[in-house]
Each structure stands twice: as C-alpha cells, then as structure tokens.
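Data first, discussion second: the structure below is written as structure tokens.
Here it is as structure tokens:
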C-alpha cells in the first residue's frame, strides 16, 4: 500500500516551486518509487496487490490546492498505468479515494485544517467537521476504519478480479463520482 501523506493549501500565486515539488515528490514520485520496487517481487510470485491512497481531490478540482490535487490526480493515473503493466503478471493496482478523514489525522491537525477552513470561510474548530459531514450526500463523517476496510478489500482475494479501479470513500461527493 502506498499511503504517504501530506497536504498543502495555497492559491496558485502563493504556490512556490518548493511547495509544488514537495507535493509531487511525496504524492506522485513516492508512489512511483514504491510500486517500482514492489513490481519485481510481485512479478516473480506471479501475483500482487498494490493499493494507492488517493483523494477526492484527485477527481474533483479544488481551489487553493492545485499542487496537492494535481499530485493526487497523478497518483491515480499512475495506478491505472501500472494496472495495465501488471495485469499479465497477476499484479493488481487499485486506488482508495478518501475525503475529509479528519478524526485521527495528523494532516488535519496542522496548517491544512486552518488553510482549508480559511478557504471555505468557516471556523477551523468543530465547524470544519460539520461542514464536511454536511457536504456529503450521506451526511456522515468518513473515519479511518472506513478507509482501512476499502484497502483491505483491494488487498484481499475478494477483489482478485479488480484492477485499475477506484473506490471513493467519501460519504458521497457527486463532484468525485467516477465516470
């Protein structure tokens, strides 16, 4: 599983080249390096499952987060490319796209929380969790265990015939519906 995480929020004018590179180094290049290292062993054993942790932002454009969202989009497309390359060797590559997993997340404990709240125009306290819950179609919080269940499915034999797929775990976000 590739799940390196960081998040940044800045307008395009405020996005420095260093911030852009940091997002791509971790979220795109990090996933590439992990998968490239895993492929030879998986090819030898004639099977394997790689699961990338994407983001709702990989599918839905987000103002003030172009470095983060585009790097996550790159990781989703990388997974699709790797699904094509790995299929003949029994290597499956899939993506879990969460949205707003606030509880238990160190990302939401720092600047990202303040930056996203500011971009949305709300208070960074409890109001932020309420905003994301109410934004979802199902009006539910997305929890870490929800993401773990989706990853477990993709890693298991239950998804032995799935590759190149995305599971959105976002409590329903029409903007991120896959097409």
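In this note's numbering, the protein residues as written are 197 to 375.
Glycine included, each C-beta is placed from N, C-alpha and C at the ideal position.
Going along the chain, which residues of its own chain have a beta-carbon closer than 6 Å to the beta-carbon of residue i, five neighbours each way excluded?
i, result
"residue 318", "327"
"residue 367", "332, 334, 336, 338"
"residue 202", "222"
"residue 374", "362"
What number of angstroms, rounded off, separates the C-alpha of residue i from the C-alpha of residue j?
i, j, result
"residue 305", "residue 284", "42 Å"
"residue 378", "residue 242", "Look at the range of the chain in this structure, 197 to 375, and you will see that residue 378 is not part of it."
"residue 276", "residue 369", "22 Å"
"residue 313", "residue 320", "5 Å"
"residue 259", "residue 267", "14 Å"
"residue 278", "residue 227", "11 Å"
"residue 336", "residue 344", "17 Å"
"residue 236", "residue 331", "42 Å"
"residue 250", "residue 213", "22 Å"
"residue 358", "residue 364", "15 Å"
"residue 349", "residue 329", "24 Å"
"residue 293", "residue 210", "26 Å"
"residue 208", "residue 261", "8 Å"
"residue 298", "residue 246", "24 Å"
"residue 220", "residue 206", "15 Å"
"residue 340", "residue 300", "7 Å"
"residue 263", "residue 238", "31 Å"
"residue 342", "residue 240", "32 Å"
"residue 229", "residue 325", "33 Å"
"residue 244", "residue 282", "9 Å"
Along the chain, where does the alpha helix (DSSP H) that runs through residue i open and close?
i, result
"residue 226", "226-241"
"residue 282", "262-282"
"residue 340", "340-351"
"residue 308", "307-316"
"residue 216", "213-220"
Can you tell me where the beta strand (DSSP E) with residue i in it begins and where it stops?
i, result
"residue 294", "287-294"
"residue 362", "362-365"
"residue 249", "244-249"
If I'm right that residue i touches residue j with Cβ under 8 Å, what's the distance once you round it to whole angstroms?
i, j, result
"residue 290", "residue 361", "5 Å"
"residue 295", "residue 347", "15 Å between Cβ atoms; not a contact."
"residue 248", "residue 271", "5 Å"
"residue 224", "residue 274", "7 Å"
Might you give, ordered along the chain, the residues of its own chain that have their beta carbon closer than 7 Å to the beta carbon of residue i, omitting 5 neighbours on each side?
i, result
"residue 371", "256"
"residue 269", "254"
What does a CB cutoff of less than 8 Å around residue i pick up in its chain, not counting 5 residues either side in sequence?
i, result
"residue 215", "204, 206, 263"
#### Entry: Three-pair Cβ contact test at 8 Å for the segment 305-317 versus the segment 344-356
Cβ pair count under 8 Å is below three, so no.
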